[in-house]
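A.B. asks:
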Amino acid sequence: MSDDEQSPQPSPAFIPNDDGKSEAKIRIEMEAKRRKERAEEEWREYEEFRRGEREKEEEEIRQLRERRERRKMEREEEEKRLAELRQIEDQKRRAEEEERQRKKREEEQRKREERWNAKRKEWEERKNANRPNFVITNNKNKVHKKQKKKRKKKLPKSKEQLEAEKRAILEQRIHR
C-alpha cells in the first residue's frame with residue numbers, strides 16, 4: 001500500500017481514546033453529564049424558589065397568627081371594658097334603687113310621724129279641754145221634733161179639702 005492510499009480510518013467519533021472509549025461515548029457521557037448538571041441546577045433553582053415561597057408562606061402565616069393574637073387581645077380588652085361598664089351601670093342602678101327605697105321609707109316614716117303627731121295633738125287637745133270628752137245627745141229634742149211633724153200631719157182638713165183630694169185621686173185612676 002502506498003502512502004497515497006490510506007487505509008480506511010475510522011470516523012473521528014469512533015476513534016478510541018486513551019481509556020478505550022470512543023468519542024461518541026464520550027460525547028454521550030458528556031451530554032448526559034451536562035443534562036444531569038442542568039437538571040441539578042434546575043432542581044437547586046426550584047428548591048431555592050420553593051424555599052422563597054415557603055418563607056413567604058411562613059411569613060404570611062406568622063402575620064396571620066400575629067393579627068389573630070392582636071384581635072384576640074383587642075376582644076379581651078373590649079370585653080373587660082364592657083364588663084367594667086356593665087358593673088358601673090349595675091352599681092349606678094343599685095344605688096338609684098337603694099336611693100328610691102330610702103326615700104320611700106323616709107316618706108312612709110314621715111307620714112307615720114305626721115299621723116302620730118296628729119293623734120297626739122288631738123289627744124292633748126282632749127286632755128287639756130275643760131269640757132267633757134263625750135257628747136250627750138238630747139233625746140228630748142228629737143222627740144219634740146217628731147211630735148211637731150205628726151201634729152202638722154194631723155191638722156184637720158176641711159170637708160171641701162177632703163172632697164177635692166178624693167176627686168183628684170179618682171180622676172187619676174180613671175185616666176190610667
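1 is the number of the first residue of the sequence shown in full-length UniProt numbering; add one for each residue after it.
Just so it is clear, CB atoms sit at the ideal spot from N, CA and C, and this is done for glycine as well.
Might you give, ordered along the chain, the residues of its own chain that have their beta carbon closer than 6 angstroms to the beta carbon of M73, omitting 5 neighbours on each side?
C.D. replies: Hits under 6 angstroms: none found.
A.B. asks: Can you tell me which residues form a DSSP beta bridge with S158?
C.D. replies: BP columns for S158 are empty, so no partner.
A.B. asks: In the DSSP assignment, find the alpha helix (DSSP H) that holds N128 and state where it starts and stops.
C.D. replies: Start and end: E23 to N128.
A.B. asks: Alpha carbon to alpha carbon, how far is A39 from Y46?
C.D. replies: Rounded to whole angstroms, A39 to Y46 spans 10 angstroms at the Cα level.
A.B. asks: Output the distance between the C-alpha atoms of S22 and E48, rounded to the nearest integer angstrom.
C.D. replies: Rounded to the nearest angstrom, the two C-alpha atoms are 38 angstroms apart.
A.B. asks: Alpha carbon to alpha carbon, how far is E84 from I61?
C.D. replies: Going from the Cα of E84 to the Cα of I61 covers about 34 angstroms.
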